[in-house]
Structures are given as C-alpha cells and as structure tokens.
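Residue numbers for the sequence shown follow the UniProt record's numbering, so the first one is 1 and each next one is one higher. We put the CB at the ideal spot given by N, CA and C, even for glycine. Quantities reported herein were computed from a predicted structural model and do not represent experimental measurements.
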Amino acid sequence: MALLPNDSYQVYCKKTINADEWASLTSLYQPIIGSFATNLYQTLLLQAQYESDDAFLHLDLCNTLDLGISHLESVREKLEGIGLLKVYRKEEEFQTVQYFYEIIMPMLANQFLKDEVLSFLLLEKIGELNYQRLVTRFTKHTLSTAGFKEVTKSFKEVYTFDQQKLSHTLGELQKNKEKLDSQVNNPNFEQLALKDVAIDWQFLFDLAAKKFIQRKNITEEICRKLALFHSLYGYDELALVDLLAQSVNFSTGEIDEKALEHEALVREQVSNTATILPETDDNQLRKERFLKQGFTQADWELILQCEEYYPIEYLREIKQFKNSFSSKQEEWLVRELVERSPLSNPVINFLINYLLIVQNRTNLPAQLTSTIAADWSEKKILLPEQAMIHVRKIVDESKDKQRNQQANRKGQNYRNVRTEQVPEWMKNPPEEVKNPESTAAAKKALDALLNKEGDQ
C-alpha cells in the first residue's frame, strides 16, 4: 500500500553517529542516494536521538523536507535499499497505519570502499578522478617510528586494584561479557544486501566449525560475500565452507577476503557447467500456457536456457558465442543486479540475452541495463516469460504507433491519437527484432555452444 500523509511513524537508533560515520555518509553515500535521501536520513536521525518516544505524521515530514508524499516514499526506499534504514509497518484501527523506522549507521569508509558493488555505484556517479581522490582521502597513512623507542607504560605500571574484590565480582562481570559477546558474534543478517538468499546459515556455521573455522571469524562482510557467491554461481553450503577452508589462515584463524574471492572465481571457471532442470508437471503446464499465447518452441527453449544458468556464467557464455569476452564493468553490473534488484536470476538472464542477442549490442550499457531492470522491477516481472511477453507487447505497440503516424502523414489527417506511453529504452526498436528467423538462428547457435560446453 502507498504511503499516506496521515500515517504516523516513530524512529529508533541504537547509537549516536560518530564523525567517521558522518564523513562516510556525506562523502560516499550521498553521491549514490542523492541529497533528498541524505536530508531525510539526517532528519530521522535527529528525531531518533532527541524524540525517540514521540510519534510523528508523514505530513509533517513532507513539510519539513518540502517533498510530496510519493517523492518522500521513493526517497525513503533509497535509504532502505542501501542498508541505512529498516522499515516496519503495522495496521491500526480505523484504517490507519503506523510505521517504525530503525536507523542503521553508515559503513565506515574502509568497509564501504571494500564493497565492490557500492564502490562501482560510487565510481559511476562521480567518475574515476574523484573516486581516486576519495580513496586517497580515506586511506590512513602509517606513522613512521624509525629512530624512536617506545616508552609507553603498561596497565600494571599505572593502575592498581584489589585482587580479592575482583574475584568476588568476577561472576557478574563475566555475565555482562557474555551478553555483549552474543551481540557481536551474531550479525544481523537482515542487514545483508542479499537477505533473501536460500542459505542455511546455522548449517554453514556448523560445517565450518568441523573444519576448525571459528564462528567469530566469519564476519558480516564474509557472509555478504558468501551470499553473493551463492546467488552468482549457485554454491551451496558445502561448497561455501570449502571456499572458507581454502581461504583461512590457520595460524591466526582469520579469513583472507581476497583469497576467498580468488578461490570462488577460480573454482567457478574450472567447473563452468550448467545444471539442467527437470521438466516437472508444473513446468509442462506452464509451457502449454506459454505456447497458447502465440509463442514458439524456440521461445520456450530460450526460457529454459535462462533458468539453467547463473547470470555471470550466462553472460560469459553469450560473450564467448559472439567471439568476445565479458568486461569487468559488465560483470560488476550483473553482480549489482543480482545483489540489489528484486529481479530473479532467469529474468536477469533474459535481459542479458535481449540486449546482447536480440539487440545485438557489443556490450551491456550500464545506464540502459539499469533503466530496463528498474522498469521490470516496478512492473513486478518475476518470470522470464513475463519479460518476453512484456517486450513483445511494447515492440508491437511501438510498431502500431509508427504505422499510424505514417498513415496519418499520407492522408494529411493529423489527429491526436492517445497511445500507451512507451519507455525511452523501447523507442525505435532495433532492426533485429523485425527478423525472428535471425534471432532463432542465433538462439540455435548459442544452444549448440552451450551443449558443447556441458559435454566437456
């Protein structure tokens, strides 16, 4: 349901923002989320710190920020998507709604810049030169102590305490320590960018313990990477723990993030095979419904192809089919779609196929790809056949519009014809769409390549 001006809300924040987090918000997050979202975050943060027990109306928030209610909702979603805000909703009596907002602190600069997807979004917004300036700004310079001798006094040299009194209070102190440890060692996985991945985290932690990998060393950042590898490459819990075992430093117990990424990529390239899905009864009914809408067997095979591969793998296969290769920017873009967008992997694969095969583009254009993905997300396209139907419909409408315009010009009959608005990315569709035979030929050749890859 859409947000209404008379809906109330309360704000909560666990801690006060510090100077480093504030610098990260304004320098790193703001270029991505925009000034409106930054202002909303700052306003909610102040309300959480000084008026956390009070309830507010969204109408007052709109007036404070000089925003309309729909604009406010879209700005709030930017904070949600990037992990700065949690939103809880409750239906009240008399058809009123109450919201509860939990403020999440920004990542520190070093954490932010280690995140490939966030770094890529920042780079896209501000350019290479400004990005490198920010990296330099937030890089801590080590102090040279050459020629100096450390003369720092130890704790015991400065502080004394009653050992007997300490022994009496040790039990209570230990209880407090355990409470704090439980908060530190159990990261809130709802804050992960890939919160909907089908990973049994407890099972993964138990497997890791059997390989002598301590739970405390599987940090939230490591979990983010494992979730990403699961969505990109399909690694299950056993494979993910195997990656951890290959990346852990057993002398310190810590996991080397770069080694983890390298191992995941190497393993994916070595075992680059597709998993063929069985055609179940439900799948057969789905196929029959699809073909009844005027689509062909070749179209259905393309749908199955999109469901058989993980997006990075599918991108590389198509590039190989075109005697090309996937660039780092394209793989970053696909990773961003997998991690950030609500689109399923098969729909993302169909989008890749549409741009590289149907439109015969050399590369995935970042702006166009993101625009189409956002459009499909808003239309809640969940299956590749829905994406195909949507594309065909818009192409047909575009052709009808062009024919009507030509007929009107010939007859000198310029009437105002109300037509469905066509998105920018679908205006003037490429010539390749007009020739379904060439598309089918490309599909057949790609199938042959994929089958050849699977036999190796």
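Can you name the start and end residues of the beta strand (DSSP E) that residue i belongs to?
{"i": "leucine 85", "result": "85-91"}
{"i": "isoleucine 103", "result": "97-103"}
Pick from the options: whose alpha carbon is nearest that of residue i?
{"i": "threonine 96", "options": "Lys322, Gln293 and Asp7", "result": "Asp7"}
{"i": "proline 31", "options": "Val151, Lys292, Glu378 and Leu122", "result": "Leu122"}
{"i": "threonine 296", "options": "Phe56, Glu385, Thr152 and Ile33", "result": "Glu385"}
{"i": "phenylalanine 138", "options": "Arg335, Thr219, His71 and Asn110", "result": "Asn110"}
{"i": "isoleucine 222", "options": "His58, Lys114, Ala23 and Tyr131", "result": "Lys114"}
{"i": "aspartate 60", "options": "Gln10, Met105 and Ile33", "result": "Gln10"}
{"i": "aspartate 200", "options": "Glu317, Pro311 and Val241", "result": "Val241"}
{"i": "lysine 216", "options": "Val248, Ala227, Leu238 and Gly234", "result": "Val248"}
{"i": "leucine 4", "options": "Glu91, Ala387, Leu118 and Ala209", "result": "Glu91"}
{"i": "tyrosine 314", "options": "Gly234, Ile126 and Gly294", "result": "Gly234"}
{"i": "leucine 368", "options": "Leu351, Leu67 and Gln132", "result": "Leu351"}
{"i": "glutamate 73", "options": "Ala2, Gly294 and Ala227", "result": "Ala2"}
{"i": "glutamate 51", "options": "Ala23, Asp20, Val158 and Cys13", "result": "Cys13"}
{"i": "leucine 118", "options": "Tyr29, Ala264, Ser231 and Arg403", "result": "Tyr29"}
{"i": "alanine 208", "options": "Glu237, Lys225 and Lys153", "result": "Glu237"}
Would you mind reading off the limits of the alpha helix (DSSP H) that contains residue i?
{"i": "phenylalanine 36", "result": "35-50"}
{"i": "glutamine 131", "result": "Note on residue identity: the sequence assigns tyrosine, not glutamine, to residue 131. From DSSP, the alpha helix (DSSP H) with tyrosine 131 extends over 116-137."}
{"i": "glutamine 10", "result": "Note, glutamine 10: premise wrong, no alpha helix (DSSP H); beta strand (DSSP E) at 8-13."}
{"i": "serine 326", "result": "Segment: none, serine 326 is in no alpha helix (DSSP H) and carries neither H nor E."}
{"i": "asparagine 63", "result": "58-65"}
{"i": "residue 495", "result": "Residue numbering for the chain in the displayed model covers 1 to 456; residue 495 lies beyond these limits and cannot be assessed."}
{"i": "alanine 19", "result": "19-24"}
{"i": "asparagine 209", "result": "Here residue 209 is alanine; the residue named in the question, asparagine, does not match the sequence. Taken as a continuous stretch (DSSP letters only), the alpha helix (DSSP H) holding alanine 209 covers 201-210."}
{"i": "glutamine 246", "result": "237-247"}
Give the DSSP-derived three-state secondary structure of residue i in the structure shown.
{"i": "isoleucine 82", "result": "coil"}
{"i": "leucine 364", "result": "coil"}
{"i": "isoleucine 32", "result": "helix"}
{"i": "valine 151", "result": "coil"}
{"i": "isoleucine 255", "result": "strand"}
{"i": "isoleucine 318", "result": "helix"}
{"i": "aspartate 375", "result": "helix"}
{"i": "leucine 214", "result": "In the sequence as presented, leucine is not what sits at residue 214; that position holds glutamine. If DSSP states are grouped into helix, strand and coil, glutamine 214 belongs with coil."}
{"i": "proline 106", "result": "coil"}
{"i": "lysine 434", "result": "Confidence at lysine 434 is low in this model, with a pLDDT of 44, below 50, so the placement of that residue should be treated as unreliable; the coordinate-derived value is given next. It is helical."}
For residue i, decide whether its Cβ has a neighbour in chain D, counting only Cβ atoms nearer than 8 Å.
{"i": "threonine 43", "result": "Here chain D cannot be found, since the structure has a single protein chain."}
Looking at C-beta atoms only, is the number of pairs between the region 394-410 and the region 292-310 that lie closer than 8 Å three or more? no
Taking three-plus beta-carbon pairs below 8 Å as touching, is the region 360-375 in contact with the region 326-333? yes
Could you name each continuous alpha helix (DSSP H) segment of 4 residues or more that falls completely within the region 278-313, going from the start of the chain to the end? 281-292 and 297-308
Touch check for the region 369-377 and the region 339-346: three-plus C-beta pairs under 8 Å? yes
Using 8 Å as the cut-off, can you tell me whether the region 77-84 makes contact with the region 32-40, which would need three or more C-beta pairs spanning the two stretches below that distance? yes
Are the region 301-315 and the region 345-353 touching by the rule of at least three beta carbon pairs closer than 8 Å? yes
Contact between the region 350-357 and the region 313-321 (3+ Cβ pairs under 8 Å): yes
Would you say the region 203-219 touches the region 252-261, given that touching needs at least three Cβ pairs under 8 Å? yes
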